[in-house]
Structure formats: C-alpha cells, structure tokens
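Participant:
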Amino acid sequence: MDLTVQQLRYFVAVAHELHFARAAQGLRISAPSLSQQIAALERRFGAPLFRRDARHVELTELGSELLPMARRSIGALDDIVSWAEERRAGGAVVRVGLVVGSHIGSVILAEAARTFPATRWKIRRLGFDGSLTALRTGVVDVVMAPALSAPSGPDLHTVPLWSEGRVLVVGAGHPLAGRDSVTVDEVADEHFVATLGDEALTDWLGLPRSDGFVPEVAYVAATFEEVLDICAAGLAVNIAGAGAVSGSPRHGVAFVPVRGLPDATVYLLRSAGAPSAAVLAVEELAVRVARRETGRTGPG
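Residue 1282 in the working numbering sits at position 168 of the sequence shown; the count goes up by one each step and never skips.
#1: Is D1187 helix, strand or coil when you go by DSSP?
#2: L1163 to V1351, Cα distance in whole Å?
#3: Pairing CB atoms from the segment 1223-1241 with CB atoms from the segment 1390-1404, are three or more of them under 8 Å?
#4: Take A1261 as the anchor and find which of A1354, E1175, V1372 has the nearest alpha-carbon.
#5: Specify the secondary structure class of P1389 as computed by DSSP and reduced to three states.
#6: Consult DSSP for V1372 and reduce its assignment to one of helix, strand or coil.
#7: If the criterion is Cβ atoms closer than 8 Å, does the pair S1147 and F1134 meet it?
#8: Out of P1289, L1223, L1191, which has the shortest C-alpha to C-alpha gap to G1215?
#9: Enumerate in chain order the residues of its own chain whose CB-to-CB distance from E1304 is below 6 Å, with the five nearest sequence positions on each side excluded.
#10: Would you call D1269 buried or exposed, if buried means 16 or more other Cβ atoms sit within 10 Å of its Cβ?
#11: Compute the distance between the beta-carbons of I1237 and A1404, then report whether it is under 8 Å.
#12: Are the segment 1130-1144 and the segment 1168-1183 touching, with three or more C-beta to C-beta distances below 8 Å?
#13: On the three-state DSSP scale, how would you describe T1379?
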C-alpha cells in the first residue's frame, strides 16, 4: 500500500478539526478536494476513517488508531526536511504564521531577523480557521494570533505576548467612522462580518450581555483581508484587536476604539513537544520584545 505524507497531512487536519471546511481552509485546498483525498485514503484502508453526516464528523476506531501513527510519520518527515534544509542553507529555518498583522509583530520579526542572521524565515498569512491546523500539521513552526483566552490542547504550548484594546472596523463613509470611540450598544443594529461564524463572534464580543444584544452576522470572512474588503465596501462592520490599526492599514477603512470590551491578547503558539533551538530562541525573543514594547506580557 503506497501512502504519501500529503495524504496523512489531510487526514490529520480533518481529525483535529472534525470539520472538513475548516480543515480545507487550513490546508489551502477546497473542501471537495479534501473530501476526495480522504475518500481515496479510506479506499486504500478498505474502511472508513470518519463517521460523518451533514452536521457531525468523528473518527472511527480505525481512524483513532491511525491518528497517532500518522502524526509520528509526519513529524519524522518534517524533521528530515528541516535537517536537510538546514544542512543545505547552513542555518535553521523558522516558519512563522500570522493571522492579523500588527506593529509589535513586525518589530518582533525584524529583530529576530537581525538577531539570527543565519536563520531563514518563511512568513505565511493564515486564515482565522486555519492557524491551529497549520501548526499541528507542520506547515508552520510558530503562530502569532489574537484571542480572548489562550488556545488550549495537549499538543499546544501557548505564551501570552501582549494585550490590546478593541476597535470597530467600518468603511470610511460610515456614520461612526469619525468618532473618537464607541460602545457596543451603538453598533447593536449593525450588520457584522464574522470570522468563524456566530459562536466565535459572540465570544469575541463578550456575550451574552444582560441587555440581550445579539449581533446580526451578514458575512463570514476567512481572512482579515476579507474582513477589510467587506468593511471598506460598507457591507458590514467588525470588531478587531487594536493592533490592526497599525498592522493592517487600508484605504477606505476606519478604526474606532470600542469602550467596555475586555482586551484581546496576542499569543505565540507552538507544538508542545521539544522545540528546535531556533524555535525556542524565537519564542524567547518574542516575549522579550513584547515586554519591551508594551511593558507587559499578557494578562496576569
């Protein structure tokens, strides 16, 4: 039976997400293509790896047995590839995933490049759904991403870097675009563009609220670039971390500070296993630079 590492990556991505569309986004392929690849893999094994219907995906017994072996196989090949690249280039390779651009994130990357001149850097913009998948499947080594609480999992190592307020993202012609600040109450009647669907937006806005406010989601975006496009067109509004003001400037978009919402925290994520010396050095540098730039390293 001939298996490819790419097939195993597809399988591991679906096994982690238990959602074909989200896994496909993280892998940067279409959901139908991913379904075809999984079906081909199942034909090779002669049995289903997943039980799935329109609303639910779960591993079969065969899939559960395969998952740890697939992860070890992917990890072993990634180790070989990294070793070969380092031997060829004479230095380490660090792959960094970014969900939303920010000034501090750019400072971290610039200082890392100066501090470790022998290291080769690969920077990848990730979708909102795909960051953990990209990390878990070895597409990137570290991820910097904003969240209200630390992403968790036995396979994740999470470090808070800095905290930041929130901003309303609106088109430049929106009535609120020129305001010094707004409250959530003032956008209760707006159409929102969500990033991961209704539940994620609800968490991001600190809901449920005592006043019963429920955001009306008109659009769902896969990346922050899509969020900006939708807001610039005047189709909807979004609430983002304040780092977007400097990290993702866009003509036709205004960023207005939002009062009364908890701060978001930007986290550095990596696999929980033993990191390479280069990845560990980047983590330590990121914490140091974040502390210097903001005077704090996250909540608590």
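We put the CB at the ideal spot given by N, CA and C, even for glycine.
What you are looking at is a predicted structure, and each value in this text was computed from that prediction instead of being measured.
Facilitator: Once the coordinates are examined:
#1: Looking at the sequence itself, residue 1187 is Ser, so the reference to Asp does not match. DSSP places S1187 in helix when its eight states are reduced to three.
#2: 40 Å
#3: At 8 Å Cβ cutoff, the stretches touch.
#4: Just measuring C-alpha positions, the residue of A1354, E1175, V1372 sitting nearest A1261 is A1354.
#5: coil
#6: strand
#7: no
#8: L1223
#9: V1351
#10: Counting Cβ neighbours within 10 Å, D1269 comes out exposed, since fewer than 16 surround it.
#11: no
#12: yes
#13: DSSP places T1379 in the strand class (E or B) of the three-state scheme.
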